Amino acid sequence: MIFNYYPDTDSLYIDLLDKPGVEALEVRPGVVLDFDEAGTLVGIDIDHASVNVDLKSIQVRSLPTREVALVA
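Using my numbering, read the sequence shown as starting at 1275 and increasing by one per residue.
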């Protein structure tokens, strides 16, 4: 899972799977879910992220992950 923030558009994209999205569904204004060809959710796009999401910190609780990385 990769969080990508784009300050020029104030949007946050969360890559859930490393697969291309082929279908998008806007579930509320400015929030779009991307699905692959099998209908699996692969990403979440949030417009005006600084208004709609608390971007001050990221907290992780109990994830079965092997790696956590901060990438500049």
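All C-beta atoms, glycine included, are put in the ideal place defined by N, C-alpha and C. Remember, predicted model here, so these are calculated numbers, not experimental data.
Among Leu1344, Ala1346 and Leu1315, which residue has its Cα nearest to the Cα of Val1301? Here the question's residue 1301 lines up with position 27 in the sequence shown. Minimum Cα distance to Val1301 is reached at Leu1315.
Buried or exposed for Ala1346, going by 16 or more other Cβ atoms inside 10 Å? To locate residue 1346, count along the sequence shown from 1; it is residue 72. Exposed, since its Cβ has fewer than 16 Cβ neighbours within 10 Å.
Just to confirm, are Asp1284 and Ile1276 a CB contact at a threshold of 8 Å? The residue you call residue 1284 lines up with position 10 of the sequence shown. The residue you call residue 1276 lines up with position 2 of the sequence shown. No, the pair does not count as a contact, with Cβ atoms beyond the cut-off.
For Ser1324, which residues from the same chain have a beta carbon less than 7 Å from its beta carbon, with the 5 sequence-adjacent residues on both sides left out? Residue mapping note: residue 1324 aligns to position 50 of the sequence shown, counting from 1. Closer than 7 Å at Cβ, skipping near neighbours: Asp1284.
Determine the direct distance from the alpha carbon of Glu1311 to that of Ile1332, and round the result to whole angstroms. One-based indexing of the sequence shown puts residue 1332 at position 58. One-based indexing of the sequence shown puts residue 1311 at position 37. In a straight line, the C-alpha of Ile1332 is about 30 Å away from that of Glu1311.
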